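Residue numbering for the sequence shown follows the numbering used here, starting at 17 and increasing by one per position.
In this text, a Cβ means the ideal position worked out from N, Cα and C, and glycines have one as well.
Keep in mind it's a predicted model, so treat the numbers as computed, not measured.
Encoded as C-alpha cells, the structure appears first; notes follow it.
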Amino acid sequence: MTAGRPDTVDQLVFRWDADNPTGSTGFGLVAWSGDRDRAERVQHAVGPRLQVAGEPAAPGLVRVLGRSGNSVLLGHRTPGLDPAGRPGTVCHALEGPAEHLTTAACLALHAWTWQRDPLPLDRVRGPLAAVPVTDLTAGREENLLRLTRASREPRVTGTLAAVVAEVLRNPNRRFALLDRSEGRDPFAVLWGLHGIFGELLAGQPLGWSFATHDTDDATRLRFVFLPDWPAHASADGSRVRLDPERRRGDLADELADRLTRWHLTPAEPGFDGKGTTVAAALRAASPPPGRRADDGWLLRSAERALGRDSRPGPRPGPGPREVPRRPADDELLRALGRRDTPAEDLPTLLAEADARLDGWPASRQERFCVLVLERRLFLAHLAAGEPDDRAAQVTRLYRRAVRRFASEPWAADRLRTLLPQLWLASDTSPAAREVLREILGDRPGLPEDVWVVLFRAATRPPSPTP
Numbered sequence: 017m018t019a020g021r022p023d024t025v026d027q028l029v030f031r032w033d034a035d036n037p038t039g040s041t042g043f044g045l046v047a048w049s050g051d052r053d054r055a056e057r058v059q060h061a062v063g064p065r066l067q068v069a070g071e072p073a074a075p076g077l078v079r080v081l082g083r084s085g086n087s088v089l090l091g092h093r094t095p096g097l098d099p100a101g102r103p104g105t106v107c108h109a110l111e112g113p114a115e116h117l118t119t120a121a122c123l124a125l126h127a128w129t130w131q132r133d134p135l136p137l138d139r140v141r142g143p144l145a146a147v148p149v150t151d152l153t154a155g156r157e158e159n160l161l162r163l164t165r166a167s168r169e170p171r172v173t174g175t176l177a178a179v180v181a182e183v184l185r186n187p188n189r190r191f192a193l194l195d196r197s198e199g200r201d202p203f204a205v206l207w208g209l210h211g212i213f214g215e216l217l218a219g220q221p222l223g224w225s226f227a228t229h230d231t232d233d234a235t236r237l238r239f240v241f242l243p244d245w246p247a248h249a250s251a252d253g254s255r256v257r258l259d260p261e262r263r264r265g266d267l268a269d270e271l272a273d274r275l276t277r278w279h280l281t282p283a284e285p286g287f288d289g290k291g292t293t294v295a296a297a298l299r300a301a302s303p304p305p306g307r308r309a310d311d312g313w314l315l316r317s318a319e320r321a322l323g324r325d326s327r328p329g330p331r332p333g334p335g336p337r338e339v340p341r342r343p344a345d346d347e348l349l350r351a352l353g354r355r356d357t358p359a360e361d362l363p364t365l366l367a368e369a370d371a372r373l374d375g376w377p378a379s380r381q382e383r384f385c386v387l388v389l390e391r392r393l394f395l396a397h398l399a400a401g402e403p404d405d406r407a408a409q410v411t412r413l414y415r416r417a418v419r420r421f422a423s424e425p426w427a428a429d430r431l432r433t434l435l436p437q438l439w440l441a442s443d444t445s446p447a448a449r450e451v452l453r454e455i456l457g458d459r460p461g462l463p464e465d466v467w468v469v470l471f472r473a474a475t476r477p478p479s480p481t482p
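Pasting the structure below:
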C-alpha cells in the first residue's frame, strides 16, 4: 500500500524534460502520486535503470526490486521524443509493496491495458492519483493464460529451454539474452522461467528483476533482453551473454529440455497427492539458501528433481521416472485440507501451492490462507521441515499466504490464537523463535488486538513447577 492508503500503489511518470518539476534537466520524474519527497528518492534510486540508451525499438517492461526486497517498481517503457524531436524513453511506472507487484502480477500487465483513463504521458506533469490494486488485477488470469499459450509456440519454447539451461549452469549470475522477436517473446519466456524456477531464484542476486527490451546489458537487472549485443564488451564478470540459438548440447541442455517439457505439459484432472509442478520439485530438491554458494547447486537439484543420477558407473533400480502430472488446483487445496493427509507430505504440498500462488485469483489465494490458518500449517511445517530450512519456510509461508489478508477480521481472529501458540512453542524451539523474529520484524500487517494478545503471551509469568 501507499502511505496511509491501503490496497493502492503509486504511479510515476519519467521522460526527458528540460525543466522537470523536481528541478533537474534530462530524463527524470515529471509526475507522481503520493509523497513528492518519496517519489524523488525513488527516482534517485532507480531512475537510471528506467531509461533505454539510444533509440528503443519496442515497448517493454522493467521490474526493479527495492533495496530491502519489500518494494517493487514496475515500469512500462515506450519510445518517445524529447522536445527537440530526438528519440528517447517515456516510462510509466507503478511502485508499491512486493505483495501487490509480484512477478506474476507484473507479467500479467505486459499489455499495459489496466488504465481506465490512460494518462497523456507526453505532457502530464505534477501530482497524480494513486492506483487501486483492484485496477491491476482485472483480467489477470486471462493475461497469464495468454502467456502460457505463447510459451508453447516452438520459437518461444526453444528460447525458454536455452535460458533454463544457462540458469542451471550459472544460477548465481545475471543474464543478457539476445532477442530476435522485436520484443514480443520475452514476456512468455519470463513467465515460463518463473513457472519452472518459481520463487527458488527470488533470494539469488537481484531476484526476479528484468527488462524485456533494452539496448545495454550494463543495467543491474537479473534478466535483460536485447535486440543486438552492445558495441562494448561485457565488463561485468557476473553477467552471462546468451544467444538462445546457440546451444551447447551438454547436460544442462538435456535437463533444461526435460524441465521445459514437464512445465509445458497441460495439467491433468484429479490429484493423488503425489503430483507436483516443476517449481515445487526443484525447490524440494534444492539445498537451503545458505548452501547455494557454488554454481553447481541448481544443476544437481534438477537432476534430483527429475529422478536422474548422472554419476558414472552402473545405476541400480529403474531408469528415470516419468514426468509427474500436475494436480488440479482445487484438488491440491483439498489435499491440504484433509485431516488424514500424512504430516510428512505437508512440506511438498505447501511448496506446490506456493509455486502456484501468484497465478491464482484472489478467491483461491484467500482459500489457501484460510487452510493455512485453520489447519495450523505453520506449526505442522515447523515440525516436519528440514532442520536447516524450516524457519525460513514457515516465515515465507506467512509472508506469501497470510500477510496480505492479516488485517481481515476472519484472518485476525485465527491469528489471535495461532501466534500466541507459536510464541509458547518458541520457549523450547529455536526454530519457532526465529520464525517469530522474522514474521514480527518485517511489516506483518497485524491489527492492534493481535499485538495485544501477543504481548500478553510474551509477558505471562511462567507456570510454577510442580
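DSSP places Gly-174 in no beta strand (DSSP E) but in the uninterrupted alpha helix (DSSP H) bounded by 170-185.
Taking 8 Å as the upper bound for CB-CB distance, Leu-413 and Val-388 are in contact here, some 6 Å apart. Secondary structure note for His-60: its alpha helix (DSSP H) is the uninterrupted segment 52-66. Around the beta carbon of Ala-121, 16 or more other beta carbons lie within 10 angstroms, which makes this residue buried.
Our two residues, Val-25 and Leu-110, have alpha carbons roughly 6 Å apart in a direct line. Residue pairing from DSSP places Leu-194 in a beta bridge opposite Leu-242. Thr-231 and Trp-245 have their C-alpha atoms some 8 Å from each other. By the CB criterion at 8 Å, Ala-367 and Arg-299 fall inside the cutoff. In terms of Cβ geometry, Arg-196 and Leu-222 do not form a close pair [threshold 8 Å]. Rounded to the nearest whole angstrom, the CA to CA distance from His-116 to His-279 is 25 Å. Put simply, the backbone Cα of Asp-429 is about 11 Å away from that of Leu-435.
Val-88: member of the beta strand (DSSP E) spanning 87-97, first to last residue. Closest in alpha carbon position to Thr-276, among Val-180, Ala-234 and Glu-450, is Val-180.
The segment 158-176 and the segment 42-57 do not touch, with fewer than three beta-carbon pairs separated by less than 8 Å. DSSP, read as helix, strand or coil, puts Pro-305 in helix. The beta-carbon distance between Glu-198 and Ala-69, rounded to whole angstroms, is 18 Å. This is too long to meet the 8 Å contact definition. Excluding the 5 residues flanking it on each side, Ala-427 has same chain C-beta neighbours closer than 6 Å at Phe-421, in chain order. Note that the C-beta distance between Leu-258 and Glu-182 is below 8 Å. Buried is the label assigned to Asn-186, since at least 16 other Cβ atoms lie within 10 Å of its Cβ. In this structure the segment 202-216 does not lie against the segment 58-69, because fewer than three pairs of beta carbons, one per stretch, are closer than 8 Å. Within the same chain, Ser-254 and Val-256 come within 6 Å of Arg-189 by CB-CB distance, once the 5 residues on both sides are set aside.
When beta bridges are read from the DSSP output, Leu-298 appears opposite no residue. In this structure, Pro-148 and Asp-23 form a Cβ contact; the two beta carbons are roughly 6 Å apart against a cut-off of 8 Å. In the DSSP annotation of this structure, the continuous segment of the beta strand (DSSP E) that includes Pro-103 starts and ends at 103-113.
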